[in-house]
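In the working numbering, the protein residues as written are 1 to 428.
C-beta: ideal position from N, C-alpha, C; glycine also.
Quick notes on the structure that follows.
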Ligand code: GLY
């Protein structure tokens, strides 16, 4: 056996020992988490972490190896913190999302809006941002829980999600003396969350941002993952920042007043998550009335999104699966001139990217949900609009496909193949 093979065998043995030691370390961390939860102690104990590093520095003699080992140990401690936070934050209606800014809790519960004071730190100046399309009582209810609320109502949709909208928020924050210790809270759909989140990301280089999404579309997708953005020169989300929220509150009771079309477009995003990542969830949506089990469906969709954003927060790889339906969908949306909602365009955009068998399964489901499955727009025009997408590459465009339920994947697609798919993707 040559030297290379012997060294590799040694590495394999060391990896097996590391795996066993890692499991032991995390099991101990979960016991610590349970203790800290019971005692109400914080997960992060900087003095203890400093002691662990000091103690272990002496265990590795070689200086360059010592430095690398301490980096590994810091990484293990950070994973342990994340694991403990998750154990502490998760229960039936709550999720923990790990993020480069430290992670955040997501509460999904009926009536949760009234509990915002427990879930958010509102004992400071709070810019409560909403828009004209949201029932004023939602933002007013949140403002009542704040020590110093400052309310702003943006214009609805794209008009508010603009540099003009963000400038308005910053002007109000300046007028009211907002500092880095204050925060922004969005109460509204995806556009409000995008504009308020972006304003928070930029104000004094970043202040805490809380999100209370009030549409199913925003609750199921945009509420987590930290994307904020503004439209510029008619291009969606051209200007933006990754700025994860400090906490998210999802109250399914807020959906009660949503018109059926707005509910349906939100369901399109849940179907999207199921098709790319969870075949069992697709079956669950198909069985019975999905709105009767909306809390369960939301939690399952958010768990899918959580896994994708935790693995790829900055959208450089696996998170792109969430763009399923969006390549063609954005093309349709650009041409529809507001006649179709975003989720409706996503529903249409999914069909050309599926195999015929999966498409045959999705069409009746989308129809039952009240989503469109036919489009009369010319394929050439959709293609031209789709090719303006930000995901354009030298060869064509990066798109997401599903050959079977629960198993989405990304690959580059040429304009010719995309056009052929649009031609056969739905009936005109
Ligand atoms: N809505 C797609 C994403 O968050 O990446």
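### Task
Taking residue 148 as the reference, give the member of 182, 312, 192 and 419 with the closest Cα.
Checked all of 182, 312, 192 and 419; the closest Cα to residue 148 is 182.
### Task
Figure out for me which residue from 235, 136, 213 and 249 has the closest Cα to the Cα of residue 158.
The candidate whose alpha carbon is nearest that of residue 158 is 235.
### Message
How far does the alpha helix (DSSP H) with residue 296 in it extend, from its first residue to its last?
### Response
Taken as a continuous stretch (DSSP letters only), the alpha helix (DSSP H) holding residue 296 covers 294 to 311.
### Task
List the DSSP bridge partners of residue 236.
Bridge partners of residue 236: none, in fact.
### Task
Taking only heavy atoms of the ligand GLY into account, decide whether any of them is closer than 6 Å to the Cβ of residue 221.
It does: the Cβ of residue 221 is within 6 Å (strictly closer) of some heavy atom of the ligand GLY.
### Query
From which residue to which residue does the alpha helix (DSSP H) around residue 341 run?
Residue 341 -> no alpha helix (DSSP H), and no H or E assigned at all.
### Task
Report the rounded CA-to-CA distance for residue 217 versus residue 402, giving the unit in angstroms.
Residue 217 and residue 402: Cα-Cα distance of roughly 21 Å.
### Task
Could you tell me if the beta carbon of residue 266 falls within a distance shorter than 6 Å of some heavy atom in the ligand GLY?
Residue 266 Cβ: outside cutoff for every heavy atom of the ligand GLY.
### Message
Can you determine whether any heavy atom of the ligand GLY sits closer than 6 Å to the C-beta of residue 319, and answer yes or no?
### Response
Checking every heavy atom of the ligand GLY against the Cβ of residue 319, one is found closer than 6 Å.
### Query
Quick one: does the C-beta of residue 226 sit closer than 6 Å to a heavy atom of the ligand GLY?
For residue 226, the Cβ stays outside the 6 Å cut-off from all heavy atoms of the ligand GLY.
### Task
Using 6 Å as the cut-off, classify the Cβ of residue 322 as near or not near the heavy atoms of the ligand GLY, replying yes or no.
In this structure, residue 322 has its CB closer than 6 Å to one or more heavy atoms of the ligand GLY.
### Inter-residue Cα distance where the pair is residue 220 and residue 63
The straight-line gap from Cα to Cα measures roughly 49 Å.
### Query
Over what stretch of residues does the beta strand (DSSP E) that includes residue 194 continue unbroken?
From DSSP, residue 194 is part of no beta strand (DSSP E) but of the alpha helix (DSSP H) over 190 to 202.
### Message
In whole angstroms, give me the CA-to-CA distance for residue 200 and residue 187.
### Response
For the pair residue 200 and residue 187, the Cα-to-Cα distance works out to about 14 Å.
#### Entry: Endpoints, beta strand (DSSP E) assigned at residue 125
That run of the beta strand (DSSP E) goes 125 to 131.
### Message
What does DSSP give as the partner residue(s) for residue 401 in the beta ladder?
### Response
In the DSSP assignment, residue 401 forms a beta bridge with 409.
### Task
Answer with buried or exposed for residue 171, where buried requires no fewer than 16 other C-beta atoms within 10 angstroms of its C-beta.
Per the 10 Å Cβ criterion, exposed.
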